[in-house]
Structure formats: C-alpha cells, structure tokens
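Visitor: In order, the protein sequences belong to chains D and C.
Counting from 1, one number per residue, gives the positions in the first sequence under our numbering.
Counting from 1001, one number per residue, gives the positions in the second sequence under our numbering.
Each residue gets a CB set at the ideal place from its N, CA and C atoms; glycine is no exception.
To start, I am sharing the structure in question, which I have written as structure tokens.
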Amino acid sequence: GIAAGAAIAGPDDELVINGEIRIVTRTEAPAHLEGVLDEIRSGWTFRTEETQALEMDDFENPGMVFVEEAMSVWDTAEGTAGKACADCHGTAEESMLGVKAVYPKWNETAGEVRTIEQMINECRTDRMGAQEWKYHGLDMTQMVALIASVSRGMPVNVAIDGPAAETWEKGKEIYYTRFGQLDLSCANCHEENYDNYIRADHLSQGQVNGFPTYRLKNAKLNALHDRFKGCIRDTRGVPFGIGSPEFVALELYVASRGNGLSVEGPSVRN
Amino acid sequence: MKKGALGALCLLVAAGTASAGTVAPGDVKMDEYGFVPVPLTDQPGDPVNGRKIAGTKSLGNCVSCHVIGEMASDVPFHGEVGPELDGLPGRYPEAMVRGILVNSKNIFEGTVMPAYYKVDGFNRIADGFTTKPLEGEIEPLLSAQQIEDVVAYLMTLKD
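Given below as structure tokens:
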C-alpha cells in the first residue's frame, strides 16, 4: 500500500486555511478499511487548483458568508422560551469545538444515533419552544456550517463501536448496495473508481469531512443528505428520505471512512 | 413466454412491449458465457444511429465511462471507468459485444457497467432521474433496435 500523509504529499496536497489552520487532506485509512483502501483523501484533493485555492482563505470561501449569517442567528433569541443558542451554549467557538468531528453520535437519552441537525432541532423544539428547521434548509445548513467551521483542522473521529455499532453496520450495508436501474452502489463510484473521470466529473472518495459544501455548480451551501439524494438519483434510483434513519446510518458509516481526515467544512467544491 | 429451444420461433410471436420481430428482454437467448449470438431484431443495426446513442447523455451515454477515440473531435468528456473501446472488433466477437450490452454482469462478474437490456432484479428503481418510484413496467435502458444499432457501431471500431 501507499504510505500515509505528508511523506508523499505534493504541493497541491497542502491545505492551510488563513495561513494557520492545517487540514489533513490525505492520510492512512482507518483500521476498519483494511484491505479496502490504503489512503483516504478529502474531496479537496480531487478539485482543480482554482477551486482548491478558494478554500485557503475565508475571504475567498463563499461558504463563510453563511457562517457569518449563522453567527448572528446563534445570538438571536427565538421561540416561547425567549432563548438564543448562546444563552445555553455560550460562544460557538468554545461550546461547539470538536462537535463536528464526532457526529453522528450515539445519544443515550434518545437511544439512537443522532446527527447535528437532529440535535439542533431538538434544542429548537424542546428547549427554545421554536419551530424546527427544515432538515436541509438554509437556516439549518448554515448553522451546521458554523458548527463545522469552529472544528476545522480537528481529526474526524466518529465512534463506530459500542451502541453505535448496529447503526454503523446498517450504513455499511447501504454503502455497498446497488440502487436504481443503473445498478450502482456508492462503492462502485467512490471506492472502485475514485480518481477516474465519469464523463466530465472527477470522482472523489465521496468523503463527508468537508460538509456542508459550497458548490460552484449550484452556487449554494449544500447539505450532506442532499448530496446523498443526488447520488442515488443519478443511479435512476429512489433515494431514502432526507434525515431518514437510513441516511443517518449512511452518514455515520461514510463519516467513519474519513476518520483521520480533518473537519473541513464549509468546503468549496465544483 | 417460451424460452430455450423454441427461442427462435418466439422471435416472431414475442408479446408485451416487444413488437413483432423483436426479442423481449426476458427472452434473450444467451449461451453459457453470456454471449448473445442472435440479433435482437430482424432489422440490421444502423451504425450511424448507434454512434449517436453511444455519445448521447440521455441515450446510451457510453462515453461517460469509455473513451472512444474516433469520437474525440465531436463528443467531449470521455470517462475512464471502463476500458477504451477502440479496436473492439479485433478483440471480441459480435455475440460477445451484444451480450455485454444486454447484461454485462453475465460476462464481467460484479462489473459497474449497467445492463442495457434487462428489466428485473433492480433495487429502488425510480422513474428515470425523477427520484419518484417507477409505476408500471420497467423499460430496458435501450430498445432492442438501439442495442443492435450500438453493436453495429462498435463493430466498426477497427484499429
């Protein structure tokens, strides 16, 4: 196999944001991928130099505008309890540090694996008396972008054992299942064919460490489950629902394939 | 519908979506290697139309995964998921090429290449790219005549 990390990294494998946040974009695959992948790579390593450059400076990264937006929402009281996120959590920089790196995560009270989106909506409905946000709507996705941004540079490290194991297995099964009339699985494109072109698209490993992603193609901030949906649609298949147990399980599994890469969101993709 | 030894006769009486002179997807006769020696229609394939199907996104879209050298000038962005198709007739007999198109998985086990003339065994199949469940019958990705047209085109790709 290929040796990991810095030893083989070329110039365009170096992602340093704002001259200070070092992002690991290539590293040794986690143990559970033994015999499957030697090296894991962020989607950033598959993009053109121009697209890559946009992520090196927050003033150039169009996704950071949404982070700014979310910062003011964070401080704004909403709902019948008259509370803002900040009232309970203090600053996002401190309270949310490391959160994106470990989600989706087993939630003891709920007795299931939860995503950040689900945690946020629980706070909104149960603790703030506010309306829940649409799972992949802009309010939600930009808040997730803010929560991701404060953990940039930290290694993704989702737990796949213990109570999360069952959900992880379910996600793994979905990852290797072929869908639609084109009969393709996630693995067919992102494990067997990464680095190959499929028509005009340079296939990546389909890692999720960069989510939410700002895509130049649709000029918006993209939620992860929307991407899952698009990929299954492209097989001429029927996707699972946004926020469904299947997509939560898939998210946990795919996130675990990136254990060791840095949290990178909001990232820039094409 | 009848299969096996009567297959050739069935060419003339095929029912369902298939018209007279056309083998329906469930009735395609293949040998133990997945080769399909008998054409799916009684019309000879049209290589000009086959070329169009292979290069068009909404039709065969073969170039999304295969380089076809001859098309480089007018069809951009050839993929590299599958092998280059140049020189194909020098490598494979026509029956094999037809078999690959009908259901490549019979020939290349576990391949990522879709089956173009198959209507069963799919998981969560949608109505095209709509994400909505398909109601009604599954149409194969290409019609019998389109398969024959693509086969005829591929057989022109001599080195």
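#1: Chain D partners of Asp-1124 (chain C), CB-CB under 7 Å?
#2: How about Gly-98 (chain D) and Met-154 (chain D): are their beta carbons less than 8 Å apart?
#3: Does the Cβ of Cys-88 (chain D) have 16 or more other Cβ atoms within 10 Å, making it buried, or fewer, making it exposed?
#4: Determine, using beta-carbon pairs with one atom in the region 176-192 of chain D and one in the region 233-241 of chain D, whether at least three such pairs fall under 8 Å.
#5: Taking the C-alpha atoms as reference points, what is the distance between Ile-1100 (chain C) and His-202 (chain D)?
#6: Looking at C-alpha atoms only, which residue of C:Asn-1123, C:Gln-1145, C:Ala-1152, C:Ile-1147 is the closest neighbour of Thr-177 (chain D)?
#7: Since Tyr-194 (chain D) meets chain C, which of its residues come closer than 9 Å, beta carbon to beta carbon?
#8: Using a threshold of 8 Å, state whether the C-beta atoms of Gly-210 (chain D) and Ser-267 (chain D) are closer than that.
#9: When the Cα atoms are used, what is the spatial distance from Val-248 (chain D) to Ser-151 (chain D)?
#10: Alpha carbon to alpha carbon, what distance is there between Thr-45 (chain D) and Val-1151 (chain C)?
#11: If Ala-101 (chain D) sits next to Val-156 (chain D), beta carbons under 8 Å apart, how far is it from one beta carbon to the other, in whole angstroms?
#12: Chain C partners of Ile-198 (chain D), CB-CB under 7 Å?
#13: Would you list the residues sitting across from Asn-1123 (chain C) in a DSSP beta bridge?
#14: Quick check: the Cα distance between Pro-1115 (chain C) and Lys-1105 (chain C), rounded to an integer number of angstroms?
#15: Counting pairs of beta carbons, one from the region 189-197 of chain D and one from the region 104-122 of chain D, are three or more of them closer than 8 Å?
#16: By the criterion of Cβ-Cβ separation under 8 Å, what are the contact partners of Pro-1114 (chain C) in chain D?
#17: Exposed or buried, which one is Lys-172 (chain D) when buried takes at least 16 other CB atoms within 10 Å?
#18: If we ignore side chains and look at the alpha-carbon of each, how far apart do Asn-196 (chain D) and Pro-1037 (chain C) end up?
#19: Distance, Cα to Cα, Leu-1009 (chain C) vs Gly-1045 (chain C)?
#20: Counting along the chain, where does the beta strand (DSSP E) carrying Leu-252 (chain D) start and finish?
#21: For Gly-1055 (chain C), I'd like the list of residues in its chain whose CB is within less than 7 Å of its CB, leaving aside the five on either flank, ordered along the chain.
#22: Given that a residue counts as buried once 16 or more other Cβ atoms are within 10 Å of its Cβ, and exposed if not, what is Phe-59 (chain D)?
#23: By how many angstroms is the C-alpha of Thr-213 (chain D) removed from the C-alpha of Ala-274 (chain D)?
#24: Measure the alpha-carbon distance for Ser-204 (chain D) versus Gly-43 (chain D) and round it to whole angstroms.
#25: Using CA coordinates, which residue listed in D:Glu-39, D:Ala-92, D:Asn-188 is at the minimum distance from Ala-145 (chain D)?
#26: Could one say the Cβ of Gly-1128 (chain C) lies closer than 8 Å to chain D's Cβ atoms, at least one of them?
Guide: So, from the listed chains and residues:
#1: Taking the second sequence and counting its residues from 1, the one referred to as residue 1124 (chain C) is at position 124. According to the sequence displayed, residue 1124 (chain C) carries Arg and not Asp. Result: Phe-179, Gly-180, Gly-237, Val-238.
#2: In the first sequence, residue 98 (chain D) corresponds to position 98, counting from 1. In the first sequence, residue 154 (chain D) corresponds to position 154, counting from 1. Their beta carbons are under 8 Å apart, which means Gly-98 (chain D) touches Met-154 (chain D) by this criterion.
#3: In the first sequence, residue 88 (chain D) corresponds to position 88, counting from 1. The residue in question, Cys-88 (chain D), is exposed, as its Cβ has fewer than 16 Cβ neighbours within 10 Å.
#4: yes
#5: Here residue 1100 (chain C) corresponds to residue number 100 of the second sequence, with the count starting at 1. Here residue 202 (chain D) corresponds to residue number 202 of the first sequence, with the count starting at 1. Distance between the alpha carbons of Ile-1100 (chain C) and His-202 (chain D): 25 Å.
#6: In the first sequence, the residue the question calls residue 177 (chain D) occupies position 177. Comparing Cα positions, the closest option is C:Asn-1123.
#7: The residue labelled residue 194 (chain D) in the question sits at position 194 within the first sequence. Simply none; closest approach about 11 Å.
#8: In the first sequence, the residue the question calls residue 210 (chain D) occupies position 210. In the first sequence, the residue the question calls residue 267 (chain D) occupies position 267. The answer is yes: Cβ separation under 8 Å.
#9: As a first step, residue 248 (chain D) is located in the first sequence; it is residue number 248 there, counting from the start. As a first step, residue 151 (chain D) is located in the first sequence; it is residue number 151 there, counting from the start. Straight-line Cα distance between these residues: approximately 21 Å.
#10: Residue numbering aside, residue 1151 (chain C) sits at position 151 when the second sequence is read from its first letter. Residue numbering aside, residue 45 (chain D) sits at position 45 when the first sequence is read from its first letter. In a straight line, the C-alpha of Val-1151 (chain C) is about 38 Å away from that of Thr-45 (chain D).
#11: Along the first sequence, read from residue 1 onward, the residue named residue 101 (chain D) stands at position 101. Along the first sequence, read from residue 1 onward, the residue named residue 156 (chain D) stands at position 156. Between Val-156 (chain D) and Ala-101 (chain D) the Cβ distance is about 5 Å, and since that is below 8 Å, they are a contact.
#12: Within the first sequence, residue 198 (chain D) is the residue found at index 198, counting from 1. Within 7 Å Cβ-Cβ: Ser-1064, Cys-1065, Gly-1079, Val-1081.
#13: Walking along the second sequence from the start, residue 1123 (chain C) turns up at place 123. Asn-1123 (chain C) is not bridged to any residue.
#14: In the second sequence, counting from the first residue as 1, residue 1115 (chain C) sits at position 115. In the second sequence, counting from the first residue as 1, residue 1105 (chain C) sits at position 105. In the sequence as displayed, the identity of residue 1115 (chain C) is Ala instead of Pro. Near 7 Å, if we compare the C-alpha coordinates of Lys-1105 (chain C) and Ala-1115 (chain C).
#15: no
#16: Here residue 1114 (chain C) refers to the residue found at position 114 when the second sequence is read from its first residue. Simply Gln-181, Leu-182, Asp-183, Leu-184.
#17: Here residue 172 (chain D) refers to the residue found at position 172 of the first sequence. Lys-172 (chain D) is buried by the Cβ-count criterion.
#18: On the first sequence, position 196 is the one that residue 196 (chain D) refers to. On the second sequence, position 37 is the one that residue 1037 (chain C) refers to. So the two alpha carbons sit approximately 33 Å from each other.
#19: In the second sequence, residue 1009 (chain C) corresponds to position 9, counting from 1. In the second sequence, residue 1045 (chain C) corresponds to position 45, counting from 1. Low per-residue confidence applies at Leu-1009 (chain C): pLDDT is 40, beneath 50, and the placement is therefore not dependable, though the value from the model is reported in the following sentence. For Leu-1009 (chain C) and Gly-1045 (chain C), the distance between alpha carbons rounds to 21 Å.
#20: Residue numbering aside, residue 252 (chain D) sits at position 252 when the first sequence is read from its first letter. First-last for Leu-252 (chain D): 245-257, but that is the alpha helix (DSSP H), not the beta strand (DSSP E).
#21: By one-based count along the second sequence, residue 1055 (chain C) stands at place 55. Val-1063, Met-1071, Val-1075, listed in sequence order.
#22: Translated into positions along the first sequence, residue 59 (chain D) becomes position 59. The residue is exposed, with fewer than 16 neighbouring Cβ atoms inside 10 Å.
#23: Lying outside 1 to 270, the shown extent of chain D, residue 274 (chain D) is not represented and no answer is given.
#24: Position 204 of the first sequence holds residue 204 (chain D). Position 43 of the first sequence holds residue 43 (chain D). Computed Cα separation, rounded: 5 Å.
#25: Here the question's residue 145 (chain D) lines up with position 145 in the first sequence. Of the listed residues, the one whose Cα sits closest to Ala-145 (chain D) is D:Ala-92.
#26: As a position in the second sequence, residue 1128 (chain C) is number 128, starting the count at 1. Chain D contact via Cβ: present.
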